Amino acid sequence: MNNPPVNSLNTALLLSLRSCFEELEKDKSCRALILTSQKPKVFCAGLDILELYQKPPDYVGQFWEKVQDMWLSLYGSRLVTMAAINGHSPAGGCLLSLACDYRIMAEGNFVIGLNETQLDLVAPFWLRQMMVDAIGYRQAEMALMVGALYPSNKALQLGLVDKLVPIEDVQTVAEEEAKNWLKIPDQARAITKMASRKPLLDELRKRKQEDIQTFRDETTRESVQLSIQQYLEKLKAKK
Numbered sequence: 367m368n369n370p371p372v373n374s375l376n377t378a379l380l381l382s383l384r385s386c387f388e389e390l391e392k393d394k395s396c397r398a399l400i401l402t403s404q405k406p407k408v409f410c411a412g413l414d415i416l417e418l419y420q421k422p423p424d425y426v427g428q429f430w431e432k433v434q435d436m437w438l439s440l441y442g443s444r445l446v447t448m449a450a451i452n453g454h455s456p457a458g459g460c461l462l463s464l465a466c467d468y469r470i471m472a473e474g475n476f477v478i479g480l481n482e483t484q485l486d487l488v489a490p491f492w493l494r495q496m497m498v499d500a501i502g503y504r505q506a507e508m509a510l511m512v513g514a515l516y517p518s519n520k521a522l523q524l525g526l527v528d529k530l531v532p533i534e535d536v537q538t539v540a541e542e543e544a545k546n547w548l549k550i551p552d553q554a555r556a557i558t559k560m561a562s563r564k565p566l567l568d569e570l571r572k573r574k575q576e577d578i579q580t581f582r583d584e585t586t587r588e589s590v591q592l593s594i595q596q597y598l599e600k601l602k603a604k605k
């Protein structure tokens with residue numbers, strides 16, 4: 367990913383990611399995908415808040431559908447998918463990481479988690495379920511309610527990531543890990559993966575419009591817009 371300054375998931379990046387995932391999916395010579403960042407110390411800062419601030423409800427709904435479609439293409443991929451998390455990974459960055467098969471994160475002062483509630487937002491059911499699948503019901507319930515961001519060592523302890531390495535080694539270790547996974551016959555691995563993931567994929571496809579409406583209605587609430595405004599003002603004050 368290369369969307370300065372912090373790989374925020376705006377419309378352009380969402381469309382680019384989905385297009386990339388779908389092209390690789392169609393390429394039968396491609397067997398693995400490594401998702402990482404070209405931005406130093408930031409994997410992905412999450413959704414671009416400007417896409418949600420003072421926008422018409424229809425725009426917000428269309429934006430959320432792009433998030434859904436990007437996730438469906440990554441989470442449902444036949445490929446071996448590695449998240450090479452070479453920096454901070456809050457909110458949408460955590461979403462991308464959870465959608466991958468294996469997560470390698472940089473050691474040090476980096477955080478990962480679903481902190482939506484801190485902005486008065488609610489993670490969708492399919493994102494909540496991925497968190498439950500990764501770290502268990504009780505830990506996920508607490509993390510989601512308080513919008514927890516975990517340092518990398520705690521994330522490893524919880525099972526939110528699978529391996530920690532020095533930041534300069536994240537890409538290399540991801541490549542090595544992908545090679546290990548590719549020793550498994552593709553068909554058996556992909557069928558097993560889909561057996562685990564198909565129920566959640568099908569549930570979102572079935573409830574797609576309901577999910578869009580819920581996100582649109584929640585995000586355009588006055589209290590949420592005020593929270594976003596205050597967040598943007600804090601960011602501006604730091605510059």
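Position in the sequence shown (first residue = 1) + 366 = this note's numbering. Glycine is no exception: its CB is placed at the ideal position from the N, C-alpha and C atoms. Bear in mind that the values here come from a model prediction, so they are computed numbers and not experimental data.
Between MET448 and LEU390, the C-beta spacing is not below 9 Å.
Here PHE387 has LEU399, MET436, SER439, LEU440 and SER443 as same chain residues with Cβ atoms under 8 Å from its own Cβ, once five neighbours each way along the sequence are excluded. Here the alpha carbon of GLU431 sits roughly 7 Å from the alpha carbon of ILE578. When DSSP assignments are scanned along the stretch 445-526, the uninterrupted stretches of beta strand (DSSP E) that are 3 or more residues long and fall wholly within it turn out to be 446-451, 453-456, 468-472 and 477-479.
In the displayed model, ILE594 falls within a helix according to three-state DSSP.
Shown here, VAL539 sits in a helix according to DSSP, grouped into three states.
In this structure, LEU462 lies near PHE409, with their beta-carbon atoms less than 9 Å apart. Counting only runs that start and end inside the stretch 390-436, the beta strand (DSSP E) elements of at least 3 residues fall at 398-401. Just so you know, the alpha carbons of LYS394 and GLN553 end up roughly 12 Å apart. Beta-bridge pairing by DSSP links VAL531 to ALA472. For the 9 Å CB-CB criterion, GLU576 and VAL531 do not form a contact. Under the three-state reduction of DSSP output, LEU438 falls in the helix class.
Within a 10 Å sphere around the beta-carbon of MET471 sit 16 or more other beta-carbons, which makes this residue buried. Judged by DSSP secondary structure, THR558 falls within the alpha helix (DSSP H) whose first and last residues are 552-572.
Here LEU510 really is in contact with MET497; their C-beta atoms are around 6 Å apart, less than 8 Å. Taken through DSSP and simplified to helix, strand or coil, LEU548 comes out as coil.
Remark: C-beta atoms of PRO406 and GLY458 do not approach each other more closely than 9 Å.
Between CYS396 and the set LEU418, LEU379, LEU445 and ARG384, the nearest pair of CA atoms involves LEU445.
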